[in-house]
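If you're matching positions, the sequence shown starts at 211 in the numbering used here and goes up one per residue.
Virtual Cβ for every residue (Gly too), placed ideally from N, Cα, C.
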Amino acid sequence: MSRPAEVVRFEGYAALFDVVDRGGDIVRAGAFSRSLAGRPGRVALLRQHGGLRPVGTIDALVEDARGLRVAGQVPAGSTMAAALLAGAVTGLSFGYRSRRIRQRTYRELIDVDLLEVSLVAVPMQPDARVDRVW
211 MSRPAEVVRF EGYAALFDVV DRGGDIVRAG AFSRSLAGRP GRVALLRQHG
261 GLRPVGTIDA LVEDARGLRV AGQVPAGSTM AAALLAGAVT GLSFGYRSRR
311 IRQRTYRELI DVDLLEVSLV AVPMQPDARV DRVW
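This is the structure:
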């Protein structure tokens with residue numbers, strides 16, 4: 211007999227490159243590369259950018275051709291696990307501090323310090339979503 215899973219895992223995109231978000235920002239490819247390479251600790255996984263209590267852990271963060279890909283996990287039996295499994299929470303977002311921006315009609319994020327990734331109900335980038343849960 212197999213043991214029940216202790217975690218619920220997910221993957222998706224926390225940011226998509228070259229897409230203007232609802233706030234008028236656009237993330238450029240490479241914006242996270244310095245932050246990811248120099249990150250001394252783990253990036254926090256939060257709910258709705260709530261800074262005091264992480265809801266799980268991030269296993270991997272990678273910039274690929276499309277954007278910032280994230281893989282993470284939350285404890286099985288938690289409210290967030292239930293929401294992910296039910297498809298009630300599908301959005302991803304990220305918290306950052308800008309190091310280099312270019313102001314145009316929109317604000318281009320060229321280099322940012324990645325502070326956290328959040329599971330959210332309504333992401334600033336409509337297509338920044340969880341695409342796999344198990």
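Burial state of residue i (16 or more Cβ within 10 Å)
{"i": "S243", "result": "exposed"}
{"i": "G297", "result": "exposed"}
{"i": "L256", "result": "buried"}
{"i": "D228", "result": "exposed"}
{"i": "A247", "result": "exposed"}
{"i": "A241", "result": "buried"}
{"i": "A270", "result": "exposed"}
Run of the beta strand (DSSP E) containing residue i, from where it starts to where it stops
{"i": "A224", "result": "V217 to L226"}
{"i": "L256", "result": "A254 to R257"}
{"i": "S303", "result": "G301 to Q313"}
{"i": "A270", "result": "T267 to E273"}
{"i": "L262", "result": "Run containing L262: none; DSSP gives neither H nor E here."}
{"i": "R194", "result": "The structure shown does not extend to residue 194, since the chain spans only 211 to 344, so no value can be given for it."}
{"i": "D235", "result": "D235 to V237"}
{"i": "V229", "result": "Here V229 belongs to no beta strand (DSSP E), and DSSP marks it neither H nor E."}
{"i": "D341", "result": "V340 to V343"}
Candidates the options, of which the one nearest residue i by Cα
{"i": "V272", "options": "V327, A215, M334 and P333", "result": "V327"}
{"i": "A275", "options": "Q258, A239 and P285", "result": "A239"}
{"i": "A254", "options": "Q283, L226, F227 and V230", "result": "Q283"}
{"i": "D235", "options": "G277, E318 and R249", "result": "E318"}
{"i": "L226", "options": "A270, P336 and P285", "result": "P336"}
{"i": "L278", "options": "V343, A224, W344 and L325", "result": "A224"}
{"i": "V237", "options": "Q313, P285 and G287", "result": "Q313"}
Whether residue i touches residue j by CB criterion (8 Å)
{"i": "V340", "j": "G222", "result": "yes"}
{"i": "G301", "j": "P333", "result": "yes"}
{"i": "D321", "j": "R310", "result": "yes"}
{"i": "M290", "j": "V280", "result": "no"}
{"i": "A338", "j": "S303", "result": "yes"}
Host alpha helix (DSSP H) of residue i (start-end)
{"i": "S288", "result": "Unbroken run through S288: none, as it is neither H nor E."}
{"i": "R244", "result": "S243 to A247"}
Hey, is the stretch 313-330 in contact with the stretch 257-272, meaning 3+ C-beta pairs nearer than 8 Å?
yes
Examine the Cβ distances between the stretch 290-310 and the stretch 216-226 and report whether three or more of them are shorter than 8 Å.
yes
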